[in-house]
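These notes concern the structure reproduced below.
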Amino acid sequence: MNPFYLDVYDVVRLIPAGRVTSYGAIARYLGSPQASRMVGYAMNNSHTQTPYVPAHRVVNRIGLLTGKHHFPGENVMQQMLENEGISVKKDKIVYFKSHFWDPNVELSID
DNA sequence: GGGATGACCTAGA
DNA sequence: GTCTAGGCCATCC
Numbered sequence: 473m474n475p476f477y478l479d480v481y482d483v484v485r486l487i488p489a490g491r492v493t494s495y496g497a498i499a500r501y502l503g504s505p506q507a508s509r510m511v512g513y514a515m516n517n518s519h520t521q522t523p524y525v526p527a528h529r530v531v532n533r534i535g536l537l538t539g540k541h542h543f544p545g546e547n548v549m550q551q552m553l554e555n556e557g558i559s560v561k562k563d564k565i566v567y568f569k570s571h572f573w574d575p576n577v578e579l580s581i582d
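Using my numbering, read the first sequence as starting at 473 and increasing by one per residue.
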């Protein structure tokens, strides 16, 4: 497994419950701002990783649950988010800006 | 080997 | 706010 993948999973695991982040934020944190597609692709393989990777806490830049179709059920992703106190409407996170967790800020090395 | 696809983002108009 | 173009790189055909 490439370090990039492992790094992605590691960052995703650091996302606190009730918070979400975006693929681009992770990509930027890893030093490849334009490799966001790779982050999404890494998520495609996240279910094979241990420990569990909370992929439901990763959405696109506008808070849309673009990856919900990759979960076992149709509304699994949404229900898990709601279980953590995040409101989801029309496959989109309500008050996304308030729930947003930016690794570039929260995990800032500087 | 080449071409297409994908849980995306940024920049410019 | 919209649209288009380019880029990232693993994986599949």
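Note that CB positions come from ideal geometry on N, CA and C, so glycine has one too.
Element boundaries [alpha helix (DSSP H), containing residue i]
i      : result
PHE568 : 568 to 571
PHE476 : 475 to 485
GLU578 : 575 to 578
ASN555 : 548 to 555
ILE498 : 495 to 501
When the options are compared against residue i, the one with the closest alpha-carbon
i      : options                        : result
ASN517 : ASP574, LYS562, TYR481         : TYR481
ILE534 : HIS541, ALA507, VAL492         : VAL492
MET515 : GLY503, THR538, SER504         : THR538
PRO544 : TYR524, HIS519, PRO523, SER559 : HIS519
Residue i, DSSP secondary structure in three states
i      : result
LYS562 : coil
SER508 : helix
THR520 : helix
Pairwise C-alpha distance: residue j and residue i
i      : j      : result
ASN532 : TYR495 : 6 Å
ASP563 : PRO526 : 17 Å
SER580 : ARG500 : 12 Å
VAL548 : ASP479 : 25 Å
TYR567 : VAL577 : 19 Å
ASN474 : HIS541 : 25 Å
GLY602 : GLU556 : The structure shown has nothing for residue 602, since the chain only spans 473 to 582.
PRO523 : ASP574 : 22 Å
GLY512 : VAL483 : 13 Å
GLY490 : MET510 : 24 Å
VAL560 : ILE498 : 22 Å
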